[in-house]
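Data block below; observations after.
Residue numbers (the numbering used here): 1048 to 1227.
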């Protein structure tokens, strides 16, 4: 299980720093329908979070929504910075669950708060998604991207690098906003 970063309702009351860390061969699973937030480092960020000089290598993240290698979900009050990080050989997988909606990205799955990405590389990784229309016409992984899955908030990427990232769609087609 990864970190759950919360400020208890007050953004300034909680800060987390993850620095100078290498994680290899991690296997993260969030199988609960309607509750994704799966990531190797922080599944949910609701406060201030700095992830710096972190490498995640040959790791797998599986879930239904808000799936990212470093961060699953940056909420409206969240403020995350990813600096000098490397994601290499990651595999992100969504489960085929009817009526589920999600966001999948190499760094962060979903960003509603603030996300700054500096000098970060995603390489030799794979994103595997299922598109499953249900009665409400929602789809799993309708927002998919190399750095982030879906956002309607502040996003800043400086010196980001993407090399050999593959997107596999099991069925249907990818629709929705265009993500980086």
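Glycine included, each C-beta is placed from N, C-alpha and C at the ideal position.
Since the structure is predicted, the reported quantities are computational estimates derived from the model, not experimental observations.
- With contacts defined by Cβ atoms closer than 9 Å, residue 1204 and residue 1159 do not form a contacting pair.
- For secondary structure counted as the beta strand (DSSP E) over 3 or more consecutive residues, the stretch 1068–1132 holds these complete runs in sequence order: 1074–1077, 1089–1092, 1095–1104, 1107–1110, 1118–1121, 1126–1130.
- Residue 1206 is classed as exposed because its beta carbon has fewer than 16 other beta carbons within 10 Å across all chains shown.
- Ranked by Cα distance from residue 1127, the options 1217, 1215, 1064, 1104 are led by 1064.
- With a threshold of 16 other beta carbon atoms within 10 Å, residue 1201 falls short and is exposed.
- Excluding residues up to 5 positions away in sequence, 1071, 1072, 1136 lie with their Cβ nearer than 7 Å to the Cβ of residue 1105 in the same chain.
- Relative to residue 1155, the option among 1062, 1119, 1217 whose CA is nearest is 1119.
- For residue 1205, the enclosing beta strand (DSSP E) begins and ends at 1201–1205.
- The bridge partners DSSP lists for residue 1197 are 1157.
- If you draw a 10 Å sphere on the C-beta of residue 1122, you find 16 or more other C-beta atoms in it, and that means buried.
- Per DSSP, reduced to three states, the secondary structure at residue 1138 is strand.
- Rounded to the nearest whole angstrom, the C-alpha separation of residue 1208 and residue 1103 is 15 Å.
- For residue 1166, the secondary structure class from DSSP, reduced to helix, strand or coil, is coil.
- Counting every other CB atom within 10 Å of its CB across the protein chains shown gives residue 1139 a total of 16 or more, marking it as buried.
- Residue 1151 holds the alpha-carbon nearest to the alpha-carbon of residue 1111 among 1211, 1131, 1151.
- Taking residue 1166 as reference, the option from 1077, 1084, 1133, 1172 with the minimal CA-CA separation is 1133.
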